[in-house]
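For reference, the structure discussed in these notes is given below.
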Amino acid sequence: MPETAPQQTTSPDAGSGYEPTDRTIPTRSRDRAAYDRETVHSILDAAYLCHLGFVRDGAPVVLPTLFGRVGERLYVHGSTGSRPLRSAGRGDEGLPVCLTVTHVDGLVLARSAFHHSLNYRSVVVHGTAYPVTDPEERRTALDAIVDQVVPGRSKDSRPADGKELAATAVVRLDLREVSAKIRTGDPNDDPRDLGLPYWSGVVPVAPAYGTPVPADDLDPSIGAPAYLP
130 MPETAPQQTT SPDAGSGYEP TDRTIPTRSR DRAAYDRETV HSILDAAYLC HLGFVRDGAP
190 VVLPTLFGRV GERLYVHGST GSRPLRSAGR GDEGLPVCLT VTHVDGLVLA RSAFHHSLNY
250 RSVVVHGTAY PVTDPEERRT ALDAIVDQVV PGRSKDSRPA DGKELAATAV VRLDLREVSA
310 KIRTGDPNDD PRDLGLPYWS GVVPVAPAYG TPVPADDLDP SIGAPAYLP
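Going by our numbering, the sequence shown opens with residue 130, and the numbers climb by one from there.
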């Protein structure tokens with residue numbers, strides 16, 4: 130299955146980077162941070178699950194959910210009964226959120242417990258989520274979310290009807306205050322530990338897709354589409 134979904138490009142300058150801010154500059158390992166659009170977009174496009182953080186009734190809440198990217202904008206959808214999505218629609222202030230995406234690429238096993246780590250790629254987006262009410266943009270957003278999971282799927286499925294659209298809330302989050310962080314390579318063992326008799330190295334981690342399993346009620350004449358593995 131392709132790792133990335135085709136996206137519309139709407140950024141003013143695809144070659145420029147995101148301006149670092151106090152919230153996007155790491156307090157540790159600043160050398161692992163990246164702010165260029167190519168890196169950020171590639172990490173986002175290789176994922177379909179994000180974690181959306183916000184404050185509800187004075188307490189932090191983090192929800193796992195699907196998302197889609199269209200240019201310099203992320204879309205998240207859910208039920209119209211969802212409290213965070215309802216909160217985003219109150220007034221013009223929107224809902225302050227933090228959205229994160231993470232890929233684990235390897236288990237980093239050091240000689241010391243202290244230096245165990247992960248090789249990873251991550252993106253953190255700070256901003257304000259706003260409701261999407263324009264019918265055209267809502268359909269674009271929902272198609273993007275479907276295609277983020279399986280590229281090309283939105284054109285190979287029935288689009289949402291009026292009743293389904295009425296039950297679906299969509300919010301948008303612009304990519305403005307954004308950073309990526311990446312770790313690669315071997316463990317960072319202390320020189321004093323290099324002679325210890327413990328295995329040290331990296332165990333690669335990668336997503337794996339199984340053979341598609343048709344639904345029990347699928348017409349046998351309908352084969353698996355070419356975009357599936």
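Glycine included, C-beta positions come from ideal geometry on N, C-alpha and C.
A straight line joining the alpha-carbon of THR231 with that of ALA270 spans about 22 Å. Residue pairing from DSSP places TYR249 in a beta bridge opposite VAL233, ARG312.
Rounded to the nearest angstrom, the Cβ distance from LEU181 to VAL191 is 7 Å, consistent with a contact under 8 Å. With respect to the C-alpha of PRO336, the residue from ALA258, GLY207, THR229, ASP234 having the closest C-alpha is ASP234. In the DSSP annotation of this structure, the continuous segment of the beta strand (DSSP E) that includes LEU178 starts and ends at 178-185. In the three-state DSSP reduction, LEU195 falls in the strand class (E or B). The beta-carbon separation of ARG202 and ARG301, rounded to 5 Å, stays under the 8 Å limit for a contact. Secondary structure at LEU173: helix, using DSSP grouped into helix, strand and coil. For THR297, the enclosing beta strand (DSSP E) starts and ends at 297-303.
Counting along the chain, the unbroken alpha helix (DSSP H) around LEU271 starts and ends at 264-278. With respect to SER241, ASP322 sits close: the two C-beta atoms are nearer than 9 Å.
Distance between THR150 and ALA296, taken at the CA atoms: about 37 Å.
Comparing alpha-carbon positions, the option among LYS284, VAL199, PHE243 lying closest to GLU266 turns out to be VAL199. Judged by DSSP in its simplified three-state form, SER208 adopts strand. Between the beta-carbon of ASP318 and that of HIS245 there is about 10 Å, and that puts the pair past the 8 Å contact cut. In the structure shown, the three-state DSSP call for ARG202 is strand. By the Cβ test, the region 302-311 is in contact with the region 249-262, since at least three Cβ pairs between them sit closer than 8 Å.
Contact check for ASP276 against GLY197 passes: the beta carbons are separated by less than 9 Å. Around the C-beta of ALA355, fewer than 16 other C-beta atoms lie within 10 Å, and the residue is accordingly described as exposed. Taking 9 Å as the cut-off, the Cβ atoms of PRO225 and THR257 count as close. In the displayed model, ALA242 falls within a helix according to three-state DSSP. Here PRO354 carries a coil assignment [DSSP, helix/strand/coil]. Residue environment: LEU325 is assigned as exposed (fewer than 16 neighbouring CB atoms within 10 Å of its CB, all protein chains considered).
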